[in-house]
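Everything on this sheet refers to the single structure shown next.
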Amino acid sequence: MPLIFGFNSCSDSITVISAALLQGQGVLLDENQQDTILRVVPEEGFSGDVIVAVTVRDGSGGEESIEFRFEHLGKNYDPITVPNFITPNNDQINDRLTIRSDDYLDLFDITIYSRWGTKVYQANTMSQAWDGRLNNTDVAPGVYYYTIKTETICGPYTKAGAIHVIH
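Its first residue numbered 43, the sequence shown is counted upward by one per residue in the working numbering.
Encoded structure:
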């Protein structure tokens, strides 16, 4: 899957003259593209720093070069962090299941099930943290299973796992 990045110009008269991959493993597509969107296709299994040099020209013929540096996290990158346990005992430490992400998530849905398949929680936003309760009653200690369905900038993303509730 390509890494797609762009930049905004304060003037419509800026055009990309050339672009080159200075560091990283992959291919830069459309090196002489006449807009501000560039595509980098990393080699299979590559993760690490990528540096792309871009030369632009303004309406009066002046040229300027700039380097973009970013980290490609590879296909094993997980955009969502989910703790593997909660301790809902009102001590303000791990009382709630708080999910984190550094990515922009367009849609979000989480469902939590008991080990018998009973739905105990569902939310459609990350800001709603599960407190280990069902119908205002603490759930039994044990293992619960979650599924998360979301939409990242790269497309649909699904994650599933287990969470331990410890009282």
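Here a beta-carbon is modelled for each residue, glycine too, at the ideal position from N, C-alpha and C.
C-beta atoms of residue i and residue j nearer than 8 Å
| i | j | result |
| --- | --- | --- |
| Val82 | Gly68 | yes |
| Ile190 | Ile152 | yes |
| Ser55 | Asp100 | yes |
| Val96 | Ser107 | yes |
Of the listed residues the options, nearest to residue i (C-alpha basis)
| i | options | result |
| --- | --- | --- |
| Gln170 | Tyr186, Arg138, Tyr188, Val96 | Arg138 |
| Glu85 | Arg99, Gly104, Val96, Gln65 | Gln65 |
| Met168 | Val92, Ile122, Val162 | Ile122 |
| Leu147 | Gln164, Ile56, Thr192, Thr179 | Thr192 |
| Thr200 | Asp180, Ser156, Phe150 | Phe150 |
| Glu113 | Tyr155, Gly90, Tyr119 | Gly90 |
| Gly184 | Ala61, Asn126, Thr140, Val207 | Val207 |
| Asp145 | Val92, Ile195, Ser60 | Ile195 |
| Ser156 | Pro130, Asn136, Gly174, Asn178 | Gly174 |
| Ala182 | Gly87, Val98, Leu63, Asn131 | Asn131 |
| Ser60 | Glu105, Trp172, Asn177 | Glu105 |
| Arg111 | Leu63, Asn178, Ala165 | Leu63 |
| Gly203 | Ile141, Thr179, Asp180 | Ile141 |
Assigned exposure category for residue i - 16 Cβ within 10 Å defines buried
| i | result |
| --- | --- |
| Gly159 | exposed |
| Gly103 | exposed |
| Ile135 | exposed |
Opposing strand residues paired with residue i [DSSP bridges]
| i | result |
| --- | --- |
| Gly90 | His114 |
| Tyr281 | Here the chain covers residues 43 to 209 and nothing more, so residue 281 does not appear. |
Element boundaries [beta strand (DSSP E), containing residue i]
| i | result |
| --- | --- |
| Pro198 | 197 to 207 |
| Leu64 | 57 to 65 |
| Tyr146 | It is not in any beta strand (DSSP E) - Tyr146 carries neither H nor E in the DSSP assignment. |
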